[in-house]
């Protein structure tokens, strides 16, 4: 037997999501079929409406239902600092720390020549325009410590040099609660390289 | 910052699915927002249509877009055997083995007094009617080896005794590829208890 057709289509859709394999997709589809019809319709509407109302902020390229986004239009944020991230999910992760009060710039990707993603494909030009047009003191590069993240950070920091502003990168090292014994060598090397004086 | 509102609602919906925690829900929601609008609409329609078209088969209570379902209406299936399962997902798992050519009966649950699920809440009466009304030679009980599955199997096998048909249960024992050393004691006990003579 094959799946009854609408079920097969449903499973196929769920499988398009990252991290969702055939088993999870089947479980989600069967769960959906057990929901009341009103709730399924509600979910379907929420999806379409979210897609229709959420756009990229024209200043920082964060995903938001308002433009400029909630962060760019918040007067309590420090408008002199920009934290550069690759994706909206990275912005969300930083926001959840409640530690950072400046603005963001979401590149929407990292430089990756192998995947055909070059300088024109991510929002680097827009970052330069922001720095040219507004009064920025510091740019924090918060890209992942991957090959692509490193390359993108290097590229941006070179471009920003002539602006004579502070450029920083988030720290890489041992995660809190981890054990030196079990840290991988690259992380440990980064942690030693990035050591700080105790005052 | 909070999530922009439609995104928060979307994440909340995804979190209702089994096995989807806050992180996966966020990842799925952000992925959805990156899909083209046409595809989001397509997904939304597929969901609603699947919900509207898929119903329980009036014979075996399998989920299907046709009634009777594809299995009950397939002439090549052996109509003298019924395999009793708890949920549609169990039926799907058995179908994927391509080993079983009989019919099914989906109980839509197992007896679980603690959760308030009694005999009237699952499709036991309908199973008895099928056995009374049609020519059944064998009933295979394919319920999980849990407390509820055991209780439900016992209950049904007692009810079926007067019908004078073969009643069997699927075998419990060591999974193929596993190691006796690491098998838990209950499984190992079941494997010894269910041993078979080599001919």
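Residue numbers (the numbering used here), protein chains in the order written: chain A, 2 to 200; chain B, 2 to 200. Where is the CB? At the ideal position from N, CA and C, for every residue including glycine.
Taking a Cβ-Cβ threshold of 8 Å, the residues of chain B close to residue 7 of chain A are 47, 50, 51, 54, 55 and 66, in chain order. Counting C-beta pairs with one atom in each stretch, the stretch 44 to 60 of chain B and the stretch 75 to 92 of chain A have fewer than three that are closer than 8 Å, which means they do not touch.
Around residue 166 of chain B, no beta-carbon contact reaches into chain A at under 9 Å, the shortest distance being about 24 Å.
Cβ-Cβ separation between residue 31 of chain B and residue 51 of chain A: approximately 10 Å, too far for a contact (criterion under 8 Å).
Taking 8 Å as the cut-off, the beta carbon of residue 29 of chain B is found no closer than this to the beta carbon of residue 34 of chain A. Contiguous alpha helix (DSSP H) elements confined to the stretch 7 to 65 of chain A occur at 23 to 35 and 38 to 54, taking only those with 4 or more residues. Nearest CB-CB separation between residue 82 of chain B and chain A: not below the 8 Å threshold. Annotation for residue 105 of chain A: the continuous beta strand (DSSP E) segment containing it runs 103 to 107. In the DSSP assignment, the residues bridged to residue 140 of chain A are A/83 and A/168.
By the 16-neighbour rule on beta-carbons within 10 angstroms, residue 153 of chain A is buried. Listed in chain order, the non-local C-beta contacts of residue 170 of chain B below 7 Å within the same chain comprise 142 and 154, local neighbours out to five positions each way being set aside. Put simply, the CB of residue 93 of chain B is near chain A, with a gap under 8 Å to one of its CB atoms. Using a Cβ distance threshold of 8 Å, residue 166 of chain B and residue 148 of chain B do not count as a contacting pair. Between residue 150 of chain B and residue 188 of chain B, the C-beta spacing is not below 8 Å.
Distance from the Cα of residue 101 of chain B is smallest, within the candidate group B/108, B/136, B/109 and B/92, for B/92. Shown here, residue 177 of chain B sits in coil according to DSSP, grouped into three states, outside any helix or strand. Below the 8 Å Cβ cutoff, chain A contributes 28, 29 and 32 as neighbours of residue 19 of chain B, in chain order.
Judged by DSSP secondary structure, residue 156 of chain A falls within the alpha helix (DSSP H) whose first and last residues are 148 to 161. Nearest neighbour of residue 159 of chain B by Cα position, chosen from B/136, B/129, B/22 and B/186, turns out to be B/129.
Annotation for residue 175 of chain B: 181, 184, 188, 189 and 192 place their beta carbon closer than 8 Å to its own, counting only its chain and skipping 5 residues before and after.
When DSSP states are grouped into helix, strand and coil, residue 118 of chain A belongs to the strand group. Boundaries of the alpha helix (DSSP H) around residue 90 of chain A: 89 to 96. Residue-level contact by beta carbon fails for residue 111 of chain A and chain B, as no gap is shorter than 8 Å. Rounded to the nearest whole angstrom, the CA to CA distance from residue 137 of chain A to residue 125 of chain A is 15 Å. Under the criterion of beta carbons closer than 8 Å, residue 94 of chain A and residue 145 of chain A do not qualify as touching, at roughly 11 Å. With respect to chain A, the C-beta atom of residue 44 of chain B has a partner C-beta closer than 8 Å.
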